[in-house]
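First up is the structure itself, then whatever we jot down about it.
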Amino acid sequence: MNRYAIIDIGGKQLRVEQGRFHDARHFAPVRPALTSNTKISINRVLLIRHGSSINFGYPWLKDAAVKGRILHGCFKEKLVIQKIHSKKKTRRTFGYRESMTRFVVDSISFGGEDLNKS
1 MNRYAIIDIG GKQLRVEQGR FHDARHFAPV RPALTSNTKI SINRVLLIRH GSSINFGYPW
61 LKDAAVKGRI LHGCFKEKLV IQKIHSKKKT RRTFGYRESM TRFVVDSISF GGEDLNKS
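Here UniProt numbering is used: the first residue of the sequence shown is 1, the next is one more, and so on.
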């Protein structure tokens, strides 16, 4: 809990730690297909906490990166949407499951050094 980073990915901000997996909506890949065990590096790091020191970025930190690998693709739980037109007895129910990409964080680095080794 002493070492974590907040990253900007897929239009959302995630708090990530080493060794934990997270789900993200969108990756902007260089290659079109992201398969499992593909190594990724996320440079949009907003904040890094290491012990008692906290480093903020404006908007992102320079020389900071979160490195990890993709585990697999998955789906979120299903959202059910119901439309009701009053006075017409028209009801419509539909839903969808948003596709997500699950990734695990291997290391958090700042200023050229890996924060998880110290």
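Every residue gets a Cβ at the ideal spot worked out from N, C-alpha and C, and that includes glycine.
- Residue nearest to G57 within the set N43, K67, I70 is N43 (criterion: CA-CA distance).
- In the DSSP assignment, H26 is bridged to no other residue.
- A65 and I84 have their alpha carbons spaced roughly 47 Å apart.
- The beta carbon of H72 lies closer than 7 Å to those of S36, R102 in the same chain, with the five residues before and after it left out.
- Shortest Cα-Cα distance from Q82 to any of C74, F75, K88, R92 involves R92.
- In summary, F110 is buried, with 16 or more beta-carbon neighbours lying within 10 Å of its beta-carbon over all protein chains present.
- In the three-state reduction of the DSSP assignment, L115 falls in the coil class.
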